[in-house]
Structure formats: structure tokens, C-alpha cells
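S.K.:
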Amino acid sequence: MIAATLPEPDDFEAWREEARRLVTQGHAPHEVSWREAGESADLFAARPAPSPAPAPSPAPATSTRTVRANRTFLERARLAILHRDGARLDLLYRILWRLQDEPRLLDDPADPDACALHALVRQVRRDIHKMRAFVRFRAVRDATGDPHYLAWFEPDHRIERANAAFFRDRFASQRWSILTPRLTLHWDGKSLNEAPPARREDVPAHDATEDLWLGYYRAIFNPARLKVGAMVKEMPRRYWKNLPEAAQIPALIAGAQQREVRMIASGSGPAENAPPASREALAQALAQCRRCPIGCNGTAPVPGEGPLSPQLLILGEQPGDTEERTGRPFVGPAGELLDTHLAHAGIAREQAYVTNAVKHFKFERQGKRRLHQNPTANEIDHCRWWLEAERALVRPRAVLALGASAGRALLGRTPSIGRERGGPIPLPDGTPMWLTVHPSYLLRLDGAAGTRETERFKADLALVSAHLAREHPLHTPA
Amino acid sequence: MPQLSVLERLEILADAAKYDASCASSGTSKRDSRDGKGLGSTAGMGICHAYAPDGRCISLLKLLLTNHCIFDCHYCVNRKSSNVRRARFTPREVVDLTLSFYRRNYIEGLFLSSGIVRTASHTMEQLIEVARSLREDHDFRGYIHLKTIPEAEPELVERAGRWADRVSINVELPTEQGLARLAPDKKAPQIEGAMGTVRDAIIAGKDAKARYRSAPRFAPAGQSTQMIVGADATSDTQIVERASTLYRGFGLRRVYYSAFSPIPSASAVLPLKRPPLLREHRLYQSDWLIRFYGFSTSDVRRAAGPEGMLPLDIDPKLAWALESREIFPVDLNRAPREMLLRVPGLGTKAVDAILAARRHRTLRLEDVARLTVSVRKLRPFVTTADWRPVALLDRADLRAQLAPRPRQLELFA
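Here you go:
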């Protein structure tokens, strides 16, 4: 086994000299072990080659055979050697060896070696391109008062030297330095120099113009079209730590949906579209509704359920955690309490149409839990369009509103439950409406207040039950 | 009103500029400043210096000189009747911003547009002044894209091309009726007239350059345009046909599509709902098929089906192939380039690799796998030395097999 050592991992000329010598001497690829200076000796260098034993290489023709390599190989090898993969040197040597007998080897992209070389080249090229894109200079004044532009960059591969000419040709008229963990490049306006590696802290922490750039990055982003995957594909996360603008990304993504909502809301009242013609259409259209922030929080809407032309429509505030997950109204703790009281009052829930003033679940995330939040008056008003579409389809003959939100959805103003409960309030279309508290209110009370409010709630339900019995003699308490 | 800071105005005027999709910095003449005099360089390939969470590249400083506007185009956030905050930059301020961003390697150059103040020609002169100052006063050699105002004097359009790498005039809407309804101040013949002026100037400039080395260059990166998708009821096939007319008629480098996105203070004439972003993507794909894959507009019509809308769940090439099963399978070892380009799953690079590889070997499926991203999609449509898809091609559920499975959207990704 012959050990071939490279003084610098990206020193192509040294590799070329050594490889030429080895090919001339007729050393087949499996006899040569390549390594970089400073790298510990190959553990296997002294051992026999791993099985299966490679076919015996063709005997070296002569010790003076000329080594052939075409331009394609040189071009690709110059790039591939910059790759961090330690196996690249063996691959390059193997290809060079094979080229002696197969001069057109690299013209066949389906050859496994040619394919592997191409993959290395592609990754190095991409890294070179990303360095050109993602280096960010910060300016400081030097001793003479002229600006000096400094940048810290961590490339994936050993491309710093190969990229120096690009920055020189672009910024020849300004002093700049690019600091990397491997080496530092300096341009003083006349010549390009190399210095030992530097640290991130050697670049100034701030640059006033950077604030403008951060502002530009925030403003040019269009929150109406979030495509995080497309961004990450082209700007992988490993580069983010050295991109000042990338620190803003999480906040921008979080704010995006909220911002879109505000844009839509500020530009429009409720849409003038025709209401859906069937309950299926309504449920479908509801899933698309983004007219208020709740519609955009990613939850599924909960449409109402129950028969058409029911005797009673029972209206709550909004779906809760359980309702959102099951897609049915009033199935959580408040729903269970409601069911108990309805049964007690002799109102058959399955004969009523049950729905909510607001169709989406508004919540605040706390750990893993989603805590209910009251909808704002504006959100209730936005959602009234849906409620009216629902009422037009379902045509209930009486309405029971649970809570002030439900009252607002029906009346267009926030009612006082204390003053307005007890008697039917005629809605604009003549339908009688009874108003009472929301059962979740009862769940929050205990002691004397709980007992008192529960009694009042029962009394309200009894009034509704009595009305139903009058209007619909077939309705009999169960 | 208190004077707004540079940062505040930058935010307003960049925010107003983001509905222009183009951010290309490619395809211009090669320049550098190795001589130590000017600033900047360009190569054939553009550089995207950053990406925003909307997936779009940030290559240029994209700004409006001002978002004050005397026009009232319904789809535009800067229309006269919109209540957005207004701001303006002086040409000098834009020049300084461009240079200081460029020196820090944030950008490849400038894409400048503007709302229309006083007159179209006055506005155009301001835009030209920015480009002139960058080039003449500062020897700026980076990329400049100027939006051209079709209502301005034709000689101003020509002056713009002297300083800019690319000029663009937006056709805005795919149909003349759409333009009349949504952009009452703009006239289709005027827009096309200005695009014609640019086309003629580009051809004349190239011609002069071929004869005299010292001839001034004119917009070496050519002209482009943009259409808004989803603000009216135009179908995909109508859009593609319109684009192809534009490519042919005006020698455009690119037609950009911008999915209509809900804008602040939207006008009541517009849909509130945005079209699926995927629609824009499918249009770009069909645009590519026409420009690089030898497809015709009638092929796209075939892919789009009777409604004239491209399917969203599968790409237009696959949609076309499923409608054209009679020409498949294609023999990867024999078929000419034009046929290989028609195979779903084969891009131009893969086709070139196949053509190169098959000079050296008879391709088997494993060879093809090395040359392409995935053979799974390919298999029903090709034959190789060891593969023949006969039964697969005739299956009625082929589409279902190849379309991506419907995926539950991640709520809090």
C-alpha cells in the first residue's frame, strides 16, 4: 500500500503531480491510499485491501508511459478536490487510472464513477454559488477613515480560495476581508492576501445599513403566500446563523397568517356572495372562510347539526377544543351539561338544530392545551353571514340563544342577559328568540351562585319547552 | 406630517413593490470591476442573495420610487383610491441605498418601479435619472431592471434601455376586457405599443453592436412582462395562449405570472379569495414546456382538459402524457431528443445525460436511475433494455397511481 499525501486539502496541482507520478509507476487505485496533511495515517494503509479483492490491475505498460487526462477531467477534478469528502481523492485517482484505457469515460454520465464525480462537482458548485450569495459584509472605518468591509462565512467545502477572484472582480474598488474557520482572505484594493483563520467575533457586531436591509427583508416578504419549504430548499438552515436577516424568519412566519387576515378584513365587510344553496355547500364553503382571524388559525370549522325545519335552533358561542376535534357542536363539557338540562326540560336535542355564533375555534395555546378565547364583537359580526345562511337553509321556528355572543349574532347588538332573559324577543323575521346564559358559565360557578344560576337556567329552558308544547302539540316532554 | 425616516419609507416602498414577481438578475452581458474603478459585476447566471418565507428569491433591491399614484387600477395596492401609507424617495436616496446594499453583498442590483405622479413622462424621467446616476456618477456595473411606464413618451422608453439591463412593461391582465374592467386608466394597445418600441430598440441595439463595438448597449437582458392570475375568470389555456403570443410578438425573455393575492384595501370588484398558489406554479411549468420542451399551446390545451384549467394535483407534462398514451412507451435507447423531452419525469438535463450515456451503453433501468431524480414516475412511459411497461400504460388508475397522495395540511408547521 502506498500512502500519497496532499499538503493542503484543496491543492489540486500537488494532487496532479503525485497522481501523475503514481500512474506512471503503474500503481493501481487499490494500491494507493490518499490522505491530507495532518490527517492521521489510514488505519488500513498497512493491511491488505478489503475483500472482495480487486481484479489484478493491468500491468504497467512501461515506467515512462505518458499520463493522459482530458480537459473535462481536469475541470471537474479541480472542483471535486474542494469537496470535504475524504473519499474524493481515491475517486479522482481511480478515474484518472481508468482514463488511461477509457479516454471517453467521463462522456458516459451513467458510469458509476463518472456519476459520483459529477455529484461531487455539483455540490461544490452549489457551495461556491451559495458563498457568493450569502456572504454579508459589515463596514468599519479603518485608520484612514475609509470603509473596510468584513464578513464571516462558513462554507461547506474548501471553496474559499476558489471564490476569491469572484469577490475581487466584484468589489475591487473597496477594501474587504472574508473571514472563515479555515483561512482569511484580504483584499486591500491592489492585491489578494491570505491570513490564518479567524473567529466570528473578529467581525463587527453591527452595521447601521444592516438595519435597513433587515427592514427591507421584512417588507418585501409577502405574507399572503407562505412557502417555507421553497425558502429552506434554497436557503438551508445551516446558513442561517451567518445571515442577519434569517433571525427574523420565525417571527415573519408566525405573523404571516395574522397579517393576511388583517389585510382581508380591512379591505372588506362580509362578502356579497350568494349564500350557499345546501348544507353540504355551506359546510364546504365554511372550510374556505378566511374573513376573520379565527378562520385563519388553521382549525376546522364546525357546522351546525340537526334536522331541517326544526322546532328549535339552539345557538351557542363557538366550538371548543372537543367540538373542533370531533367536528360536532356542543359535545364537550358544556355540551354534556346542556344535554342534561335539555332532557330535564323535556326538549329533545335531536329534534333541534344545534349550532354556534362563530364557526371556528378561537383559542390561545398554552403548552399542549388550547384554551378557549372569547370571539370579539367584530368576529361575531363577520360570522353572522354564515349564521344567516344557516337559518335561511334550516328555517327554525324558534331560537334559543345561549350567552351574550349568541345574542349578539342574532340581534346585531350585545344584549344584557339579566334584563332580556325570560321573554321571547322577536327577531326581524318574526321568529321568537329566548335568551339565557351559556352552560359553560354554569360550569365556572359553584356554591350558592352556582345553584342560583342553574335554577334560573332551568327556568329559562322550561319557558322554551312550554312554548314548544303550545306551538307543537305533538311535542311532549319525554 | 412628520418626515418619515429612511427605514420607514423603505418599508413602505418595498412593501408596495413586492407584487412584481420578477427578481431575475440573469442573462445580461458579462461585466466586472477588476480594473478597480467601478463597482460590481454580472455574469450570465444571476445570484439570489436571500429567500423570504414566501419562497421567493431576493436578488435585487425591489423598490418603488413612490407609491403615490394618479391611476386607479383595482388590483393594485397603490391605486389612487387605496388608503395605504404613502411615501417617496428622491432618486439620490435610491442611488445611495442601492450602492450601500450592493457593497455589503446583499443584492445583485436594483429593480425600480414607481407609482405615477404628475405625468407618466415625468415619472419615467425620475426612474431614468436613478439609473443614469448609478451608471454615470458611480460607475455601477451591477444589474438594473427598470419598470417602464407605457404611457410615457417613446423616447423615454428608449433612454431607459440605455442604462438598464432589463426593461419591463406589465400587460397586467391576460385579456383586454379584464384590463378595461380592472385597470380603467390603462389601454392594451398602448401597452403593446410600448412593448413594440422596446422590442425594436433591442433589435436595433443588437444590430448596431454587431457592427460597431462601441455602439451603446440597449437592455442586454431583454424585456419581460407580468400578468396577474386569478383576478378575473380567464382560463389557464387563455393565459398560456396570450403568453405565447407575447413571446412571439415581442421577443420577451420571460412572462411572469403573479397569483392575485389579497391586498390591503382591496377594491370591491375583486375576489376576496386568492387563487391557489399552485395554479401559478402550473402555469410556469407549462410556460417551461413551451419554451424548453417543444410543446405547443395545443399540447397545453390537451393537458388542461375541456375546462381549460390545468390540473393542480399533477404537473402539466404528466397530464398531457396521460391524455396522449398512444405515443408511449418511449424507447430510451432509440427515441430522438424531441420524444425524450415529452416523457414525464425527464428534464432537459436528464435528457442530455441519456443522450450522452446511450452512445456508450445500452441503457438499463438502473442506468436511468443514476441519470434522473426518480424512475418511479418514469416507468409507465419508457422502455429500456430490461423494462417494458405494457400493462401499466393501459391501466385506468394510472393517474391515481402517479398523482401525489392527498396530504393532510400541517396546521402549525
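Protein sequences, first through last, are from chains A and B.
Just so we're aligned, residue 559 is where the first sequence starts under our numbering, counting upward by one.
Just so we're aligned, residue 803 is where the second sequence starts under our numbering, counting upward by one.
Just so it is clear, CB atoms sit at the ideal spot from N, CA and C, and this is done for glycine as well.
Output yes if chain D places a C-beta closer than 8 angstroms to the C-beta of B/K1008; else output no.
M.R.: You won't find chain D in this structure, because its protein chains are A and B.
S.K.: From B/L936, B/D817, B/F942 and B/F1020, pick the residue whose C-alpha is nearest to that of B/R888; which is it?
M.R.: With distances taken between Cα atoms, B/R888 lies closest to B/D817.
S.K.: Rounded to the nearest angstrom, how far is the Cβ of B/E1173 from that of B/W1189, given a contact under 8 angstroms?
M.R.: Residue identity differs from the one stated: residue 1173 of chain B is Leu in this sequence, not Glu. Not quite, the Cβ-Cβ distance comes to about 14 angstroms (not below 8 angstroms), so this is no contact.
S.K.: What residue from B/D939, B/Q979, B/L1200 and B/V1000 has the CA that sits closest to B/P956's CA?
M.R.: For the residues B/D939, B/Q979, B/L1200 and B/V1000, the minimum Cα distance to B/P956 belongs to B/V1000.
S.K.: Indicate whether A/Q1044 and A/Q909 have their beta-carbon atoms separated by less than 8 angstroms.
M.R.: Residue 1044 of chain A is absent from the structure shown; chain A starts at 559 and stops at 1036.
S.K.: Measuring only between beta-carbons, confirm whether B/E813 sits less than 8 angstroms from chain A.
M.R.: Judged by the 8 angstroms Cβ criterion, B/E813 is in contact with chain A.
S.K.: Can you check DSSP and say which residues form a bridge with A/R696?
M.R.: Per DSSP, A/L708.
S.K.: Cα-Cα, which of A/L784, A/R837, A/P891 and A/C854 is closest to A/R1002?
M.R.: Considering only alpha carbons, the answer is A/P891.
S.K.: Could you have a look at B/T1174 and say whether DSSP puts it in helix, strand or coil?
M.R.: The answer is coil: DSSP assigns B/T1174 none of H, G, I, E or B.
S.K.: From the beta carbon of B/C859, is the nearest beta carbon of chain A less than 8 angstroms away?
M.R.: Output row for B/C859: interface = yes.
S.K.: Per DSSP, what kind of secondary structure is A/G825 in: helix, strand or coil?
M.R.: For A/G825, the predicted structure reports a pLDDT of 47, less than 50, and the residue's modelled location is therefore unreliable. The matter cannot be settled from this model.
S.K.: Along the chain, where does the alpha helix (DSSP H) containing A/T880 start, and where does it finish?
M.R.: Looking at the DSSP string, the run of the alpha helix (DSSP H) that includes A/T880 is D879 to T884.
S.K.: Less than 6 angstroms between C-beta atoms, sequence neighbours within five positions excluded: which residues of the same chain meet that for A/A635?
M.R.: Same-chain partners within the cutoff: L650.
S.K.: Is there a Cβ from chain B that is less than 8 angstroms from the Cβ of A/D727?
M.R.: So, interface residue.
S.K.: Determine, for B/P1206, whether the minimum Cβ-Cβ distance to residues of chain A falls below 8 angstroms.
M.R.: Not closer than 8 angstroms to any Cβ of chain A, the Cβ of B/P1206 fails to qualify, so no.
S.K.: Quick one, which of B/E960, B/L912 and B/R894 has its alpha-carbon nearest B/Q928's?
M.R.: Residue B/R894 is the option with its Cα nearest to B/Q928.
S.K.: Compare the C-beta of A/I807 with all C-beta atoms of chain B and state if any pair is closer than 8 angstroms.
M.R.: Yes, because at least one Cβ of chain B sits closer than 8 angstroms to the Cβ of A/I807.
S.K.: The ligand ZN heavy atoms versus the CB of B/P991: any closer than 7 angstroms?
M.R.: Ligands displayed in this structure: none; no statement on the ligand ZN is therefore possible.
S.K.: Taking the alpha helix (DSSP H) that B/M1141 falls in, what are its first and last residues?
M.R.: Per DSSP, B/M1141 belongs to the alpha helix (DSSP H) from R1139 to L1142.
S.K.: Quick one: which chain A residues come within Cβ less than 8 angstroms of B/H1162?
M.R.: Neighbours of B/H1162 on chain A, chain order: R662, D665, D666, A668 and D669.
S.K.: Using DSSP with H/G/I as helix, E/B as strand and the rest coil, what is B/Q1025?
M.R.: B/Q1025 falls in the strand class under three-state DSSP.
S.K.: Run through chain A and tell me which residues come within less than 9 angstroms of B/I849, C-beta to C-beta.
M.R.: Correct list: H687, R690 and A691.
S.K.: Can you check DSSP and say which residues form a bridge with A/W943?
M.R.: According to DSSP, A/W943 bridges with nothing at all.
S.K.: Does the CB of B/F903 have a neighbour CB from chain A at under 8 angstroms?
M.R.: Closer than 8 angstroms to some Cβ of chain A, the Cβ of B/F903 qualifies, so yes.
S.K.: For B/G1032, collect the residues of the same chain with a Cβ closer than 6 angstroms to its Cβ; drop the 5 residues on either side in sequence, then sort them by chain order.
M.R.: For B/G1032, where only same-chain residues beyond five positions count, the Cβ hits under 6 angstroms are A1061, F1062 and P1077.
S.K.: By the DSSP assignment, the alpha helix (DSSP H) with B/H924 in it spans what residues?
M.R.: Run containing B/H924: A922 to R934, per the alpha helix (DSSP H) assignment.
S.K.: Considering Cα atoms alone, identify which of A/I852, A/A766 and A/L708 is closest to A/F695.
M.R.: Considering only alpha carbons, the answer is A/L708.
S.K.: Is the region 892-908 of chain A touching the region 803-814 of chain B, taking contact as three or more C-beta pairs under 8 angstroms?
M.R.: Taking 8 angstroms as the limit for Cβ pairs, the verdict is that the region 803-814 of chain B does not touch the region 892-908 of chain A.
S.K.: Please classify B/D1169: does DSSP put it in a helix, a strand, or coil?
M.R.: DSSP places B/D1169 in helix when its eight states are reduced to three.
S.K.: Does B/L1213 have its Cβ less than 8 angstroms from a Cβ in chain A?
M.R.: Bear in mind that the predicted position of B/L1213 carries a pLDDT of just 47, short of 50, making it unreliable; the figure below should be weighed with that in mind. By this cut-off, B/L1213 is an interface position.
S.K.: Whole-angstrom Cβ separation of B/L958 and B/I1004, contact assumed at under 8 angstroms?
M.R.: Contact doesn't hold; Cβ gap of about 16 angstroms is too wide.
S.K.: Is B/I1004 helix, strand or coil by DSSP?
M.R.: Helix, per DSSP.
S.K.: Considering just the uninterrupted stretch of the beta strand (DSSP E) at A/W734, what are its terminal residues?
M.R.: Counting along the chain, the beta strand (DSSP E) containing A/W734 begins and ends at R733 to L737.
S.K.: What number of angstroms, rounded off, separates the C-alpha of B/L863 from the C-alpha of B/V886?
M.R.: Those two C-alpha atoms are separated by around 21 angstroms.
S.K.: Just verifying my parser: in three-state terms, what is the DSSP assignment at A/E922?
M.R.: The answer is strand: DSSP assigns A/E922 an E or B state.
S.K.: CB-CB under 7 angstroms to B/F1094, same chain, minus the five flanking residues each way: which ones, in chain order?
M.R.: Only T1150 meet the Cβ criterion.
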